[in-house]
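Q: Quick one: the structure is below, questions incoming.
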Amino acid sequence: MIARLSGLWPVARKEVLHLARDRGTVFFALLVPVLQLFIFGFALNTNVRQIRTVVYDQAPSQRTREFLRRFSNTDTFRLLGHVSSDDEMYAAVRKGEASAAIKIPYDFAERVLRGSGATVQLLVDGSDSTVSGAALNVFNAVVLVENQRLLAGSGSRPPIEARPAVLFNPSTRSPNFFIPGLVAVLVQIMVILLVALSVVRERERGTLEQLTMTPVRPLGMMIGKMIPYVMLGFLEVCWILPIMRWVFGVPIHGSVWVLLVLTIPLLLAVAGLGLLISTKAASQAEAFQLAMATMLPSIFLSGYIFPIDNMPRPFQIVSRILPTTYYIDVSRGVILRGAGFADLWWNGAVLTFMAVVLVLAAAIQFERRTR
Amino acid sequence: MTPAIEVRGLTVRFGSFTAVDGVTFDVARGEVFGLLGPNGSGKTTIIKALCGLVRPSGGGGAILGMDVLVETARIRQRIGYMSQKFGLYEDLTVRENIEFYAGVYGLRGARREERSAAVVDLTLIGPYMERRAGQLSGGWKQRLALACAVIHEPEVVFLDEPTAGIDPVARRALWDLVFDLAGRGVTFFVTTHYMDEAERCGRVGYIYNSRLLAVGPVDELRRLPGVSPEGSSRYEIVCADAARALRKARQFAYVREATIFGRAIHVLADAPADTLAADLSGAGFEPVRVSLAEPSLEDVFVTLTNQEIAKGARR
Chain A
1157 MIARLSGLWP
1167 VARKEVLHLA
1177 RDRGTVFFAL
1187 LVPVLQLFIF
1197 GFALNTNVRQ
1207 IRTVVYDQAP
1217 SQRTREFLRR
1227 FSNTDTFRLL
1237 GHVSSDDEMY
1247 AAVRKGEASA
1257 AIKIPYDFAE
1267 RVLRGSGATV
1277 QLLVDGSDST
1287 VSGAALNVFN
1297 AVVLVENQRL
1307 LAGSGSRPPI
1317 EARPAVLFNP
1327 STRSPNFFIP
1337 GLVAVLVQIM
1347 VILLVALSVV
1357 RERERGTLEQ
1367 LTMTPVRPLG
1377 MMIGKMIPYV
1387 MLGFLEVCWI
1397 LPIMRWVFGV
1407 PIHGSVWVLL
1417 VLTIPLLLAV
1427 AGLGLLISTK
1437 AASQAEAFQL
1447 AMATMLPSIF
1457 LSGYIFPIDN
1467 MPRPFQIVSR
1477 ILPTTYYIDV
1487 SRGVILRGAG
1497 FADLWWNGAV
1507 LTFMAVVLVL
1517 AAAIQFERRT
1527 R
Chain B
34 MTPAIEVRGL
44 TVRFGSFTAV
54 DGVTFDVARG
64 EVFGLLGPNG
74 SGKTTIIKAL
84 CGLVRPSGGG
94 GAILGMDVLV
104 ETARIRQRIG
114 YMSQKFGLYE
124 DLTVRENIEF
134 YAGVYGLRGA
144 RREERSAAVV
154 DLTLIGPYME
164 RRAGQLSGGW
174 KQRLALACAV
184 IHEPEVVFLD
194 EPTAGIDPVA
204 RRALWDLVFD
214 LAGRGVTFFV
224 TTHYMDEAER
234 CGRVGYIYNS
244 RLLAVGPVDE
254 LRRLPGVSPE
264 GSSRYEIVCA
274 DAARALRKAR
284 QFAYVREATI
294 FGRAIHVLAD
304 APADTLAADL
314 SGAGFEPVRV
324 SLAEPSLEDV
334 FVTLTNQEIA
344 KGARR
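Just so you know, the protein sequences line up as chains A and B, in that order.
Residues 1157 to 1527 (my numbering) are what the first sequence spells out, left to right.
Residues 34 to 348 (my numbering) are what the second sequence spells out, left to right.
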């Protein structure tokens, strides 16, 4: 076993020297993810607010104005103004001037007064499902509350009153949800890319040919290559977490130490992925493309943006073989739910196993290629 | 004593292409062996097969008595390799490159210090220790590459076209280093396509189209029967207007080969010197001086190559 690791330390030390010489790469590694954190941290927000809404009130009165105020009092709807026909109402939504429209029929006030079933219509643009979902929920809630109010006036109480409470992230702020995952995604792309490029660069420059004639063994070479970049990735996480905590105000409910310890298996696994890419790629451009190809699944199938439970079965399986999935579980667990090592060690074990498999596969592939 | 390098019927095929075809030769310890051949003739593949980087399709070999198919790991510890392309790290300094290779070969402590000092002494690269390897000239790059290739005191060193693209002064300096080390018992296996470099080697092999056409000491190769066929001799002709005389000489029925060499013409002919002199004088190239000549190594390889091509055409 020791013989198979031949060359590990000299290669790792040399790689640190390359990094020390290459200011551009270190800059790329430490600063670009922070810039991205700022961009995406502010841009990604699924809390729907201020939906632009037009109103078609066929018979404006005291009653309808009061009713409409209940909508504008929510943060969800912003009433842009009134239209005076069905055509105008549809046109506003079709043109995208408004995402929703509320239509109140001419007999609304009269029917409410008589208690003979008044209606109110919501038209909502379904092209953005997050927006339409929020519009429907809030619309129904407003109507429900208004009904309760009207019924209460007649003397009876609603038999069931809902009192929901959101555990963890009680304000349901988007940054709290997105930023812990974003840390994982940003660090991952950096490590995969740097590791893959460092091996492919050696192949392109011919220095690999010289190395293959020495006692350096594939496994020693692979592990030696990944160590400096895993350390750099770790530094990166240590430097992003304070930004997340104090710039974006995401409170860390659990222990930072648990998070940092479980970061190491993630870094090892993604470095292993970078190594495997490097054994497949013929050029730096190809390595870059392959590294980027791992990004989309890591973002969309890892539960970072969309819940895994909502995915069709085959995609759920894919999400289970992505390292990111396990780390997002860890970071949300520690940061948002205050979970400890006892709740999360399993993710670390899976990531470690992935790292071992990936590095061994890379070493085997590497040996096969140079032979 | 076992030879430093033994190659037995070595064959390497890549798909339907045969890169090395049944090559057999030995290199004795302390010898400087030159493998000459055009680009793509299979020189580098032979080195790769001997170092365990390419699996032979047939035959095999041994280095220092160790089978190249089995004992790859032990062999790597005892050989050095330097390629035509600079294989060191241009962004690291000379010192860092040397230290890296010392580490790769597992040298530690006092032994590491001692060997680093020895290769710096040998290659005289001391004044450039803190310079980035990428900023060295071609000749110094090759010296650094040699320093790294011999840091672990290998007994056998492979040099794959070591002087490609460096100037003549640096070329000679590199060869002086090679002979210096050879004098201390290191075996060298050098590939080249320069004739003059091949002539420096104790023994030479000539490879053409994946096949080893000849192997032996340079003077022995010159006397190969195929080089100067029965009844023919090689002459050096000095006369006026050598370029036109060459064209004339090629028209004589008894001239097998003719080529310009400096200001003289080298001819392989089935006729005595007097006939040749008289015919050229008759054609107006006075004064003509014809003398017997030893075939140069180039003559040897051109003749062998032409014979091989003719054989191939007949096949």
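Positions of the beta carbon are idealized from the N, C-alpha and C atoms, including for glycine.
The structure presented is a predicted model; accordingly, all values stated were derived computationally and were not measured.
In three-state DSSP terms, what is residue 1237 of chain A?
A: strand
Q: Can you have a look at residue 1384 of chain A and say buried or exposed, based on whether 16 or more other CB atoms are within 10 angstroms of its CB?
A: buried
Q: Closest Cβ-Cβ distance between residue 138 of chain B and chain A: below 8 Å?
A: yes
Q: Quick check on DSSP: helix, strand or coil for residue 1398 of chain A?
A: helix
Q: Could you tell me how far apart the beta carbons of residue 1375 of chain A and residue 1161 of chain A are, in whole angstroms, since I believe they sit closer than 8 Å?
A: 6 Å
Q: Considering only the beta carbon of each residue, do residue 37 of chain B and residue 253 of chain B sit closer than 8 Å?
A: no
Q: Taking 8 Å as the threshold (beta carbon to beta carbon), is residue 1179 of chain A in contact with chain B?
A: no
Q: In the structure shown, what three-state DSSP assignment does residue 1462 of chain A receive?
A: coil
Q: Which runs of the alpha helix (DSSP H) spanning at least 4 residues fall entirely within the segment 271–334 of chain B, listed in chain order?
A: 275–284, 306–315
Q: Whose C-alpha, out of A/1421, A/1465, A/1371, is nearest the C-alpha of residue 1158 of chain A?
A: A/1371
Q: What first and last residue would you give for the alpha helix (DSSP H) that runs through residue 244 of chain B?
A: No alpha helix (DSSP H) holds residue 244 of chain B; the beta strand (DSSP E) holding it covers 244–250.
Q: Taking Cβ-Cβ distances below 9 Å as the criterion, which residues of the segment 1163–1175 of chain A are in contact with chain B?
A: 1163, 1165, 1166, 1167, 1169, 1170, 1173, 1174
Q: For the ligand NAP, is there any heavy atom lying closer than 7 Å to the beta carbon of residue 1197 of chain A?
A: Looking for the ligand NAP in the displayed structure turns up nothing, as the structure carries no ligands at all.
Q: DSSP puts residue 99 of chain B in a beta bridge; with which residues?
A: B/96
Q: I believe residue 62 of chain B touches residue 220 of chain B by the beta-carbon criterion, under 8 Å. Please report the beta-carbon distance rounded to the nearest angstrom.
A: 5 Å
Q: For residue 115 of chain B, which three-state DSSP category applies?
A: strand
Q: Name, going along the chain, the residues of the segment 1351–1375 of chain A whose beta-carbon falls closer than 7 Å to a beta-carbon of chain D.
A: The structure shown contains no chain D; the protein chains it does contain are A and B.
Q: Can you find a C-beta in chain A that's less than 8 Å from the C-beta of residue 128 of chain B?
A: no
Q: Please state if the CB of residue 119 of chain B and the CB of residue 245 of chain B are separated by a distance shorter than 8 Å.
A: no
Q: Would you check if the distance between the CB atom of residue 334 of chain B and the CB atom of residue 223 of chain B is smaller than 8 Å?
A: no
Q: Please classify residue 1214 of chain A: does DSSP put it in a helix, a strand, or coil?
A: coil
Q: Is there a C-beta anywhere in chain A that falls below 8 Å from the one on residue 272 of chain B?
A: Output row for residue 272 of chain B: interface = no.
Q: Out of A/1429, A/1465, A/1201, A/1394, state which residue places its alpha-carbon closest to the alpha-carbon of residue 1516 of chain A.
A: Minimum Cα distance to residue 1516 of chain A is reached at A/1429.
Q: For the 8 Å Cβ check, are there 3 or more pairs between the segment 98–105 of chain B and the segment 176–185 of chain B?
A: no
Q: Given 8 Å as the limit, is there contact between the segment 309–324 of chain B and the segment 262–279 of chain B, that is, 3 or more CB pairs closer than that?
A: yes
Q: Could you work out which residues of chain A lie near residue 120 of chain B, taking near to mean beta carbons separated by less than 9 Å?
A: 1361, 1362, 1363, 1364, 1365, 1366, 1367, 1369
Q: Would the beta-carbon of residue 1478 of chain A fall within 8 Å of that of residue 1453 of chain A?
A: yes
Q: Residues of chain B with CB closer than 9 Å to the CB of residue 1159 of chain A, please, in chain order.
A: 106
Q: Run the CB neighbour count on residue 1224 of chain A, radius 10 Å, all protein chains shown included, and call it buried at 16 or more, exposed below.
A: That one is buried.
Q: Look up residue 124 of chain B in the DSSP assignment and say whether it is helix, strand or coil.
A: coil
Q: Can you check which of these residues, A/1480, A/1519, A/1239, is closest to residue 1506 of chain A by C-alpha distance?
A: A/1480
Q: For residue 200 of chain B, write down the residues that DSSP places opposite it in a beta bridge.
A: DSSP, once it has assigned bridges, lists no residue as partnering residue 200 of chain B.
Q: List, in chain order, every chain A residue whose beta-carbon is nearer than 8 Å to that of residue 145 of chain B.
A: Those within 8 Å of residue 145 of chain B in chain A number zero; the least Cβ separation is about 11 Å.
Q: Please name the residue or residues paired with residue 50 of chain B in a DSSP beta bridge.
A: B/47
Q: Return helix, strand or coil for residue 1390 of chain A, following the three-state DSSP convention.
A: helix
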